[in-house]
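Asks:
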DNA sequence: TTGTTGCTGGACCATGTGGTCCGGTTCCTC
DNA sequence: GAGGAACCGGACCACATGGTCCAGCAACAA
């Protein structure tokens, strides 16, 4: 997962190449550790060790743990949006949606449904604990949904979707199915529920196709 | 939320009425606190204070924090299933499903989408941290889905649903929409996404009705 | 009544964890 | 190359938090 330049440098301070690299290493380690253990269960010492840095570096680049977590929210959000943009910005057909679905399912099946969505898990853990993180995550979800709804808009404009299809609502429904699917798959340690959930949402979208192709969804 | 006898007494030990009451008080406090703060962010001292007990009582009734959490998983699961059973065991029509949806939405809207589902949030927080809790939660989800699918089976047997409707898959999809809806609503501090998600799932189920009544979903 | 066990209060302990400090090194600027 | 700021290593600190202990009271069986 290469991720150069995703992390924003600090506010009005001079910053060296080495500094950027260190900050990046910290965020990358935090990203990996907190995905599998959760935010609160990951200690700064864990991150320090995994990132081959020292305490002073952590506190040189971030004011405290909370700020590190907030930076991670931004970092992870940028990674997800970057990945999703690649898969969605040219979406113009129903089969494109199916390919997108398959990619997500396959990625998640690699670890038997474990860990879930990096954004969703943070959302549930932080929403009632850090208002700033919550609103940032909420914006990221909105941007993600917009990538989907933009694609659906294109499909509607091209006459693939009926006029009465509501791209925004369809995108929200699809996102909910995705997140709920992640959650159930994580609890079951099995991707199957995620597949069922996504298929339901795709089926719903398909019902708005002008010419409902009767190809299977996978 | 009355909840007598939901908590199981301890294994082969003599136990007094007073002991049961204390144990119940502890679980109830843990339930309330961990719903709003999350499991890991709630300390034993918080629980001790909120339940008007002492450290020794906590450790008299539970071996350690992990066991308390596991007991809470059971406790909360029983509460949810009890509540859901009341709302679902007589489900025989599509409008019954709509009423069920409305009840959930209304309950969640009381706190502007905050806190989410007691089971879902625990699932995401504990799944990668406590295998026993995870499998217990997974079973609870399965039981919950079964309440739904049983209702759908009844509808199919009564000729309301088409024969090609798959109650199990429909129930899983609905549950995913519900959980994803909770998650997005929590992140947005707004019930709207939860409504959209549930409506999508209901719409999907409605498409399997033999006589698709064109009443609105709410 | 008496013995045994459940139950409770609360002081106390061990340590994991977030956070500080300071001396030293690297890097940029003039 | 000299000054200063960014950067780094790691020892150190404060304290929150999970967990222990024990003395005493309540409850129940005989």
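Protein chains in written order, with this note's numbering: chain A, 1 to 218; chain B, 219 to 436.
Idealized CB from N, CA, C, for every residue including glycine.
#1: So which residues of chain A does residue 404 of chain B contact, with C-beta pairs closer than 9 Å?
#2: Mind checking who residue 183 of chain A pairs with in its DSSP beta bridge?
#3: Rounded to a whole number of angstroms, what is the C-alpha to C-alpha distance between residue 200 of chain A and residue 189 of chain A?
#4: So, at 6 Å on beta carbons, what are the nonlocal neighbours of residue 77 of chain A in its own chain, with the 5 sequence-adjacent residues on each side left out?
#5: Note down, in chain order, every chain B residue with its Cβ under 9 Å from the Cβ of residue 155 of chain A.
#6: Does residue 436 of chain B pass the burial test, meaning 16 or more other C-beta atoms within 10 Å, or should it be called exposed?
#7: What does the alpha-carbon distance come out to for the pair residue 79 of chain A and residue 117 of chain A?
#8: Between the Cα of residue 137 of chain A and the Cα atoms of A:74, A:64 and A:46, which residue gives the shortest distance?
#9: With contact counted as at least three CB pairs below 8 Å, one residue from each stretch, are the stretch 233-243 of chain B and the stretch 270-280 of chain B in contact?
#10: Can you tell me the Cα-Cα spacing of residue 389 of chain B and residue 371 of chain B, whole angstroms?
#11: Listed from N- to C-terminal order along the chain, which residues in the stretch 257-273 of chain B have their beta-carbon within a distance smaller than 8 Å of any beta-carbon of chain A?
#12: Is any non-hydrogen atom of the ligand ZN found closer than 8 Å to the C-beta of residue 33 of chain A, if you look at the structure I gave you?
#13: Check whether chain B comes within 9 Å of residue 75 of chain A, counting only Cβ atoms and requiring the distance to be less than that.
#14: In whole angstroms, what is the alpha-carbon distance linking residue 316 of chain B and residue 49 of chain A?
#15: What are the start and end residues of the alpha helix (DSSP H) that includes residue 23 of chain A?
#16: Please report the distance separating the alpha-carbon of residue 308 of chain B from that of residue 323 of chain B.
#17: Are residue 401 of chain B and residue 124 of chain A closer than 9 Å when you measure CB to CB?
#18: Take residue 107 of chain A as the anchor and find which of A:84, A:93, A:122 and A:92 has the nearest alpha-carbon.
#19: Out of B:396, B:340 and B:233, which one is the CA nearest neighbour of residue 415 of chain B?
#20: According to DSSP, simplified to helix, strand and coil, what is residue 262 of chain B?
#21: Buried or exposed for residue 380 of chain B, going by 16 or more other Cβ atoms inside 10 Å?
#22: Who are the neighbours of residue 96 of chain A on chain B, taking C-beta pairs under 9 Å?
#23: In chain B, what lies closer than 7 Å to residue 84 of chain A by C-beta?
#24: Anyone know if the C-beta pair for residue 244 of chain B and residue 274 of chain B falls short of 9 Å?
#25: Suppose you measure from the CA of residue 29 of chain A to the CA of residue 53 of chain A; what does that come to, to the nearest Å?
#26: Select from the stretch 322-338 of chain B all residues with a C-beta closer than 7 Å to any C-beta belonging to chain A, and list them in chain order.
#27: Shortest alpha-carbon distance to residue 405 of chain B belongs to which of A:45, A:181 and A:135?
#28: What would DSSP say about residue 379 of chain B, mapped onto helix, strand or coil?
#29: Confirm, please, whether the CB-CB distance from residue 41 of chain A to residue 347 of chain B is below 9 Å.
#30: Grab the span of the alpha helix (DSSP H) containing residue 429 of chain B for me, first residue to last.
#31: For the stretch 275-325 of chain B, which segments carrying the alpha helix (DSSP H) assignment without a break, of at least 4 residues, lie completely within its bounds, in sequence order?
#32: When DSSP labels each residue in this structure, what does residue 121 of chain A get in the three-state scheme?
#33: At which residues does the alpha helix (DSSP H) containing residue 166 of chain A begin and terminate?
#34: For a contact meaning CB atoms closer than 7 Å, what does residue 179 of chain A contact in chain B?
#35: Would you mind giving the Cβ-Cβ distance between residue 175 of chain A and residue 148 of chain A, rounded to the nearest angstrom? I have them listed as a contact below 8 Å.
Replies: On the basis of the data shown:
#1: Locating residue 404 of chain B in the second chain gives position 186, where the first residue counts as 1. Those within 9 Å of residue 404 of chain B in chain A are 123, 124, 127, 128 and 134.
#2: Numbered from its first residue, the first chain carries residue 183 of chain A at position 183. According to DSSP, which records beta bridges pairwise, residue 183 of chain A is partnered with nothing at all.
#3: For this step, residue 200 of chain A is matched to residue 200 along the first chain. For this step, residue 189 of chain A is matched to residue 189 along the first chain. Those two C-alpha atoms are separated by around 20 Å.
#4: Mapped onto the first chain, residue 77 of chain A falls at position 77. The residues are 140.
#5: Reading the first chain from its first residue, position 155 is the one you call residue 155 of chain A. None at all; the shortest Cβ gap to chain B is about 17 Å.
#6: On the second chain, position 218 is the one that residue 436 of chain B refers to. Here the model assigns residue 436 of chain B a pLDDT of 47, short of 50, so the residue's position is not dependable, and the following value carries that caveat. Residue 436 of chain B is classed as exposed because its beta carbon has fewer than 16 other beta carbons within 10 Å across all chains shown.
#7: As a position in the first chain, residue 79 of chain A is number 79, starting the count at 1. As a position in the first chain, residue 117 of chain A is number 117, starting the count at 1. Rounded to the nearest angstrom, the two C-alpha atoms are 12 Å apart.
#8: Walking along the first chain from the start, residue 137 of chain A turns up at place 137. Answer by Cα proximity: A:74.
#9: yes
#10: Reading the second chain from its first residue, position 171 is the one you call residue 389 of chain B. Reading the second chain from its first residue, position 153 is the one you call residue 371 of chain B. Roughly 10 Å between the two C-alpha positions.
#11: Among the residues of the stretch 257-273 of chain B, those with a Cβ less than 8 Å away from any Cβ of chain A are 258 and 259, in the order of the chain.
#12: Among the ligands in the structure shown, none appear at all, so the ligand ZN cannot be discussed.
#13: By 1-based counting over the first chain, the position of residue 75 of chain A is 75. So no, residue 75 of chain A is outside the interface.
#14: Along the second chain, one-based indexing puts residue 316 of chain B at 98. Along the first chain, one-based indexing puts residue 49 of chain A at 49. Roughly 52 Å between the two C-alpha positions.
#15: Within the first chain, residue 23 of chain A is the residue found at index 23, counting from 1. Per DSSP, residue 23 of chain A belongs to the alpha helix (DSSP H) from 17-37.
#16: In the second chain, the residue the question calls residue 308 of chain B occupies position 90. In the second chain, the residue the question calls residue 323 of chain B occupies position 105. Spanning the two alpha carbons is a distance of roughly 20 Å.
#17: Residue numbering aside, residue 401 of chain B sits at position 183 when the second chain is read from its first letter. Residue numbering aside, residue 124 of chain A sits at position 124 when the first chain is read from its first letter. For residue 401 of chain B and residue 124 of chain A, yes; Cβs fall inside 9 Å.
#18: For the purposes of this step, residue 107 of chain A is taken as the residue at position 107 of the first chain. Nearest option by C-alpha distance: A:84.
#19: For the purposes of this step, residue 415 of chain B is taken as the residue at position 197 of the second chain. Among B:396, B:340 and B:233, the Cα nearest to that of residue 415 of chain B belongs to B:396.
#20: Counted from its first residue, the second chain places residue 262 of chain B at position 44. Reduced to three states, the DSSP call for residue 262 of chain B is helix.
#21: Here residue 380 of chain B refers to the residue found at position 162 when the second chain is read from its first residue. Exposed, since its Cβ has fewer than 16 Cβ neighbours within 10 Å.
#22: Position 96 of the first chain, counting from 1, holds the residue named residue 96 of chain A. Those within 9 Å of residue 96 of chain A in chain B number zero; the least Cβ separation is about 20 Å.
#23: The sequence position of residue 84 of chain A within the first chain is 84, counting from 1. Within chain B, no residue comes near residue 84 of chain A; the closest Cβ sits about 16 Å away, beyond 7 Å.
#24: Walking along the second chain from the start, residue 244 of chain B turns up at place 26. Walking along the second chain from the start, residue 274 of chain B turns up at place 56. Against a cut-off of 9 Å, the Cβ pair of residue 274 of chain B and residue 244 of chain B comes out as no contact.
#25: Looking up residue 29 of chain A in the first chain gives position 29. Looking up residue 53 of chain A in the first chain gives position 53. In this structure, the straight-line span from the alpha carbon of residue 29 of chain A to that of residue 53 of chain A is close to 10 Å.
#26: 332, 333, 334 and 338
#27: Here the question's residue 405 of chain B lines up with position 187 in the second chain. The residue among A:45, A:181 and A:135 with its C-alpha nearest the C-alpha of residue 405 of chain B is A:135.
#28: One-based indexing of the second chain puts residue 379 of chain B at position 161. Reduced to three states, the DSSP call for residue 379 of chain B is strand.
#29: The sequence position of residue 347 of chain B within the second chain is 129, counting from 1. The sequence position of residue 41 of chain A within the first chain is 41, counting from 1. Contact: yes.
#30: Sequence index remark: in the second chain, residue 429 of chain B carries index 211 (1-based). Here residue 429 of chain B belongs to no alpha helix (DSSP H), and DSSP marks it neither H nor E.
#31: Taken in chain order, the unbroken stretches of alpha helix (DSSP H) that lie wholly in the stretch 275-325 of chain B and span 4 residues or more are 283-306.
#32: The residue you call residue 121 of chain A lines up with position 121 of the first chain. The answer is helix: DSSP assigns residue 121 of chain A an H, G or I state.
#33: Position 166 of the first chain, counted from the start, is the residue given in the question as residue 166 of chain A. No alpha helix (DSSP H) holds residue 166 of chain A; DSSP gives it neither H nor E.
#34: Position 179 of the first chain, counted from the start, is the residue given in the question as residue 179 of chain A. Those within 7 Å of residue 179 of chain A in chain B are 398, 401 and 402.
#35: Within the first chain, residue 175 of chain A is the residue found at index 175, counting from 1. Within the first chain, residue 148 of chain A is the residue found at index 148, counting from 1. Yes, residue 175 of chain A and residue 148 of chain A are in contact; Cβ-Cβ is about 7 Å, under 8 Å.
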